[in-house]
Structure formats: C-alpha cells, structure tokens
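Presented below is the structure to which this report refers.
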Amino acid sequence: MTDTAEQSTEQSAQERLRERRSVAHRTAERVLSRAGFRRTLREQLALLQDAAPRVYDLDEPGDIYGNRVVEALEERVATLLGTESAAFFPTGTMAQQIALRCWAGRTGNPTVALHALAHPEVHERDAFSLVSGLHPVRVTSEPRPPTADEVRDVAEPFGALMLELPLRDAGFLLPSWEELTEVVEAARERDAVVHFDGARLWESTVHFGRPLDEIAGLADSVYVSFYKSLDGIGGAALAGPKTLVEEAKTWRHRYGGMVFQQFPTVLSALVGLERELPRLPEYVAHARVVAAALREGFADAGVPWTRVHPEEPHTHEFQVWLPYDTDVLGEAAVRQAEGTGTLLFGAPWDRGGPGLGVTEVTVRADGLMWTAGDVKAAVADFVARVTEVTAEVSR
C-alpha cells in the first residue's frame, strides 16, 4: 500500500471514529458533560424558545447592528465584570485581536507578551501577526502559568501582557491569587497593560476565592466567551474602559463583526448567564470528586501509570493521561458507550508522546448525577475494553 493510500485509510478510520463518538454523545444515557452544540437543531431551538422569555422580553423588536438585546447583554457583562463598558463580538479571536490592536495604538508598542500555549499561539494560525500587525513574544513555554520573574525577564519591551485564565492547553491551570497579582504587578513594572483571555474566566471564582469583578479588576481589559462554559450558541465579549470599548467597536466594524442581527446567539448567552453561571461552582466542586475517583479507579484497575492533571482540578475541566495509543483509547471509549450507554471519555484522545494518550474531561449538569462509585465502576469497564482493543490490535 502506498503512503497516500495508507494516509487515506487512516483518515477514513479517524472520521468513522469521530462519527461514532458524535452518535455516542447524543445517545448515551450517562455522560459527564452533554454540551449544547451536540444537540439537534430542533432540540437547540426548543430549549432556546423555552428559556429565552425568562431573560428578555421577546415582544421587543429585534436587534439591528448591535442595539437592543445586544446592548442588554453588553450591560449585563459589564456589570458582572465590574467594568465601565463591554462590547459583543461574534468570536473571541476577533475580540482579542482588536483589544490588543487598540492597546498597541495607545502604548505605541505592538509587542504582546504571552504564553507559548496561549490560544493565539496554538490555534489562530499566526493571526496576531498576519492580520493585526502585532508582534507576539513568549514569556515561557513551560506547561504552567507564567511567573512574575519570567514577566520581568522578557528580553524586549512589550506593550501588553496577555494572560489566559485558565491556561487550557496546560490542563486548565490557574495561578494562585497571590501569583496572579504578582504577575500583574510585574507587567505594570514594565509599563505594560494587562489583558485577560478569560474565555473560561467564569469558573475561576472557586479557585481564586474571589468574585468575578475582583478578578477582572486586576486587568485593563478582559475577553469572555459565551459558548465554552455557559453553553451558548457562540459569541464573546470584550470588557474594559468605555473609551477602549468604543474604539474596539469601530474596529469590530472594520473586521466584519458588525452583524445585522445576532439575537439567537445573544439570547443564548443571556440564558447561559442565568442558568449556567450560578451552577459553575457546583460543577467545579464535583469535578474534584470525579478526578479523585478516576485516580482511584485506575489504580484499582492496575493501570501501570496514569495522571489526572491537575490532581485537584482548578475548574470543572481537567486532563487525563494514560499509557496507551490514542487509537486504542478512542476505540475503547466509544465501545463503552455503544455497549453500556455510559460515555466516560467523550472528548478525543491526543498523542502526548509514544504510547501516551491525553484527553480532556468536563463535568457539567449531567455529571452531577455520577457518584464516586459510578466513576470507579465506569473506569473498570473502560480499562477492560482497552485491554480488549489492545489484544485485537496486536494480533
């Protein structure tokens, strides 16, 4: 078989596994998290129709180019984060590029200091540089939040420090409150502004032991997402000083973000703020129960090496590392759902090294029904299926 044919076969197998995993998410009786985007269109529309009247008067006219219901959401976000103003954006990528572009104009320095695992460095195809004329420099590449000393030691001047809270690709990690305040102070010593990539900031209050407005108050500007933790259809907001937000709205228009009507997405964001935001502390607390049960379950099952990272989750999301090939783990996870109706690991498995797989675990409302015993039982069944798949592959 040629290399091209082998690649095509492997791609087809991965696509089939993705489709089976998607079906498993929809049909499994027990999951730790059932995100809204996995529902059918009919289900999503029905849920929105049911919940939207509780958060906004549906007899009001629809929005046109960012007014009415959009403004209501912006005011709600500004109040929650304790900022002067906020602006709705169709994507977080756009919101953060514009925020940092505006800060670059004000500081006179287009250099942005950030972590090597920050979203713009890993997931945005060099958009900072190619689209917005920004110059990213890496504070650190270590899989943990940056330290104050590392900020002080950045070799060149920078106009803004961008901090991702939590740092998703390092395991949804947060610094301590003391560490965060020291890092912010170190940036101030460098005459730099501080911008929080707070896509998942909503669930950080438990770890920091502080309310949202106090956390956001450390930064000069903050971006938040409405679909990651709040289960909205999409969208983001940039919050900060009124003058910055007004300038950002001008650039939003230039970037193509002045959408004619956005009420379905905005209504879903308002629903998320009412329904999901108050429950996030409960999800975080139960994620710690699930993480401990996973560790104990894999130890009881005799798995030679495993890692739940961090050991006590900082948010309601964390990583699991296991010493098996990703194809084996992905197949075992789907088989478990197909055979038992229980989907323990619903996210894809990525390669963490030779024979090492890593996945993300999220605990939401559906996960609250799982006891520690339920988790351990599911782990035992999952490990048995890993052994089964491994034996098939080695034949």
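Those letters in the sequence shown? Residues 7 to 401, by the working numbering. Every residue, glycine too, gets a C-beta built ideally from N, C-alpha and C.
(request) Could you pull out every unbroken alpha helix (DSSP H) segment of at least 4 residues lying fully inside the region 127 to 213, listed in chain order? (result) Uninterrupted alpha helix (DSSP H) stretches at least 4 residues long and entirely within the region 127 to 213 occur at 133 to 138, 154 to 158, 183 to 195, given in chain order.
(request) Only counting runs of 4 or more residues, tell me where the alpha helix (DSSP H) segments fall wholly within the region 301 to 359, in order along the chain. (result) Inside the region 301 to 359, DSSP marks whole alpha helix (DSSP H) runs of 4 or more residues at positions 332 to 346, from first to last along the chain.
(request) Consult DSSP for G278 and reduce its assignment to one of helix, strand or coil. (result) Within the sequence shown, the letter at position 272 stands for residue 278. Helix.
(request) Go ahead and pull the three-state DSSP assignment for R370. (result) Position 364 of the sequence shown, counted from the start, is the residue given in the question as residue 370. Three-state result, R370: coil.
(message) Which of the three DSSP states is assigned to Y233 in this structure?
(response) Residue numbering aside, residue 233 sits at position 227 when the sequence shown is read from its first letter. In the structure shown, Y233 sits in coil (DSSP, three-state: anything other than H, G, I, E or B).
(request) Excluding the 5 residues preceding and the 5 following V340 in the sequence, name in chain order all residues of the same chain whose CB lies nearer than 6 Å to its CB. (result) Taking the first residue of the sequence shown as 1, we reach residue 340 at position 334. Within the same chain, V340 has close Cβ partners R26, R27, A30.
(message) Going by DSSP, what residue range makes up the beta strand (DSSP E) through S91?
(response) Against the sequence shown, residue 91 aligns to sequence position 85. Element bounds for S91: 91 to 95.
(request) Pick helix, strand or coil for S227, following the three-state DSSP scheme. (result) For the purposes of this step, residue 227 is taken as residue 221 along the sequence shown, with counting starting at 1. Residue state, collapsed to three classes: strand.
(request) Check the C-beta distance from D237 over to V200 and give it rounded, since I have them as a contact under 8 Å. (result) Taking the first residue of the sequence shown as position 1, residue 237 is located at position 231. Taking the first residue of the sequence shown as position 1, residue 200 is located at position 194. Actually they are not in contact, since the Cβ atoms of D237 and V200 sit about 28 Å apart, beyond 8 Å.
(request) Give the straight-line distance between the Cα atoms of L171 and L283, rounded to the nearest whole angstrom. (result) Here residue 171 refers to the residue found at position 165 of the sequence shown. Here residue 283 refers to the residue found at position 277 of the sequence shown. L171 and L283: Cα-Cα distance of roughly 16 Å.
(request) Could you pull out every residue in the same chain whose Cβ sits closer than 7 Å to the Cβ of G373, ignoring the five residues on either side in sequence? (result) Start at 1 with the first residue of the sequence shown, and residue 373 comes out as number 367. The residues are L38, S39, H292, V296.
(message) With H, G and I counted as helix, E and B as strand and the rest as coil, what does DSSP make of G410?
(response) Not covered by the structure: residue 410. The range shown for the chain is 7 to 401.
(request) Could you please give the first and the last residue of the uninterrupted alpha helix (DSSP H) stretch that includes A57? (result) Sequence index remark: in the sequence shown, residue 57 carries index 51 (1-based). For A57, the uninterrupted alpha helix (DSSP H) segment begins and ends at 47 to 57.
(request) Take F266 and list the residues in its own chain whose beta-carbon comes closer than 8 Å to its own, dropping the five residues that flank it on each side. (result) Position 260 of the sequence shown holds residue 266. Here the set comprises I70, Y71.
(message) Any contact between the region 242 to 252 and the region 38 to 57? By contact I mean 3 or more CB pairs, one from each, below 8 Å.
(response) Inter-segment contact for the region 242 to 252 and the region 38 to 57 is absent: fewer than three beta-carbon pairs are separated by less than 8 Å.
(message) For A193, tell me which candidate among P217, P316, V160 has the shortest Cα-Cα distance.
(response) Position 187 of the sequence shown, counting from 1, holds the residue named residue 193. Of P217, P316, V160, the residue nearest in Cα terms is V160.
(message) On the DSSP letters alone, give me the boundaries of the alpha helix (DSSP H) that L79 sits inside.
(response) Along the sequence shown, one-based indexing puts residue 79 at 73. Taken as a continuous stretch (DSSP letters only), the alpha helix (DSSP H) holding L79 covers 75 to 87.
(request) Could you work out which residue in P360, R45, R174 is closest to V128 when comparing CA atoms only? (result) Along the sequence shown, read from residue 1 onward, the residue named residue 128 stands at position 122. Measuring from the Cα of V128, the nearest candidate turns out to be R174.
(request) Could you tell me how far apart the beta carbons of H315 and F304 are, in whole angstroms, since I believe they sit closer than 8 Å? (result) As a position in the sequence shown, residue 315 is number 309, starting the count at 1. As a position in the sequence shown, residue 304 is number 298, starting the count at 1. Their Cβ separation, rounded to whole angstroms, is 13 Å, which puts H315 and F304 out of contact at 8 Å.
(request) With DSSP collapsed to three states, give me the class of G379. (result) Locating residue 379 in the sequence shown gives position 373, where the first residue counts as 1. Helix, per DSSP.
(message) Can you find the residues in the same chain that come closer than 8 Å, C-beta to C-beta, to W257, ignoring five residues on each side of it along the sequence?
(response) Translated into the one-based positions of the sequence shown, residue 257 becomes position 251. Same-chain partners within the cutoff: I104, R107, C108.
(request) Could you name the residues of the same chain whose beta carbon sits closer than 8 Å to that of R216, not counting the 5 residues immediately before and after it, in chain order? (result) Counted from its first residue, the sequence shown places residue 216 at position 210. Counting only residues of its own chain and dropping the five nearest sequence neighbours on each side, R216 has a CB closer than 8 Å to the CB of W183.
(message) For A338, which residues in the same chain have their Cβ closer than 7 Å to its Cβ, ignoring the five residues on either side in sequence?
(response) Position 332 of the sequence shown, counted from the first residue, corresponds to residue 338. Once the five neighbours on either side are set aside, the close Cβ partners of A338 are F388, R391, V392, V395.
(request) Write down the C-beta distance between A378 and A307 rounded to the nearest angstrom, noting that I regard them as a contact closer than 8 Å. (result) For the purposes of this step, residue 378 is taken as the residue at position 372 of the sequence shown. For the purposes of this step, residue 307 is taken as the residue at position 301 of the sequence shown. That belief does not hold up - the Cβ atoms of A378 and A307 are roughly 15 Å apart, past 8 Å.
(message) Can you tell me where the beta strand (DSSP E) holding A119 begins and where it ends?
(response) The residue you call residue 119 lines up with position 113 of the sequence shown. 117 to 120 is the span of the beta strand (DSSP E), which, as asked, contains A119.
(request) Enumerate in chain order the residues of its own chain whose CB-to-CB distance from W311 is below 7 Å, with the five nearest sequence positions on each side excluded. (result) Sequence index remark: in the sequence shown, residue 311 carries index 305 (1-based). Residues of the same chain with a CB within less than 7 Å of the CB of W311, apart from the 5 flanking positions on each side, are P329 in chain order.
(request) Kindly indicate which residue of Q20, R36, L23, R22 has the alpha-carbon position closest to the one of A371. (result) To locate residue 371, count along the sequence shown from 1; it is residue 365. A371 has its Cα closest to that of R36, out of Q20, R36, L23, R22.
(request) Let me know the secondary structure DSSP gives G114 once reduced to three states. (result) Residue mapping note: residue 114 aligns to position 108 of the sequence shown, counting from 1. The DSSP-derived three-state label of G114 is coil.
(request) Answer yes or no: do E209 and H322 have a C-beta to C-beta separation smaller than 8 Å? (result) Residue 209 sits at position 203 when you count from the first residue of the sequence shown. Residue 322 sits at position 316 when you count from the first residue of the sequence shown. For E209 and H322, yes; Cβs fall inside 8 Å.
(message) On the DSSP letters alone, give me the boundaries of the alpha helix (DSSP H) that D63 sits inside.
(response) Position 57 of the sequence shown, counted from the start, is the residue given in the question as residue 63. No alpha helix (DSSP H) contains D63, which DSSP labels as neither H nor E.
(message) So if DSSP puts R36 in a beta bridge, which residue, or which two residues, is it bridged to?
(response) For this step, residue 36 is matched to residue 30 along the sequence shown. BP columns for R36 point to T348.
(request) Compute the Euclidean distance between the alpha carbons of D331 and V75, then round it to the nearest angstrom. (result) For this step, residue 331 is matched to residue 325 along the sequence shown. For this step, residue 75 is matched to residue 69 along the sequence shown. Annotation: D331 to V75 spans about 48 Å, alpha carbon to alpha carbon.
(request) Might you give, ordered along the chain, the residues of its own chain that have their beta carbon closer than 6 Å to the beta carbon of K248, omitting 5 neighbours on each side? (result) Taking the sequence shown and counting its residues from 1, the one referred to as residue 248 is at position 242. Taking K248 as the centre and dropping the five residues before and after it, the same chain places the C-beta of E90, S91 closer than 6 Å to its C-beta, in chain order.
(request) Return helix, strand or coil for G215, following the three-state DSSP convention. (result) Reading the sequence shown from its first residue, position 209 is the one you call residue 215. DSSP places G215 outside both helix and strand once states are collapsed to three, so it counts as coil.
(request) Helix, strand or coil for L23, going by three-state DSSP, please let me know. (result) Translated into the one-based positions of the sequence shown, residue 23 becomes position 17. The answer is helix: DSSP assigns L23 an H, G or I state.
(request) List the DSSP bridge partners of G363. (result) Against the sequence shown, residue 363 aligns to sequence position 357. In DSSP, G363 forms a bridge with L328, R357.
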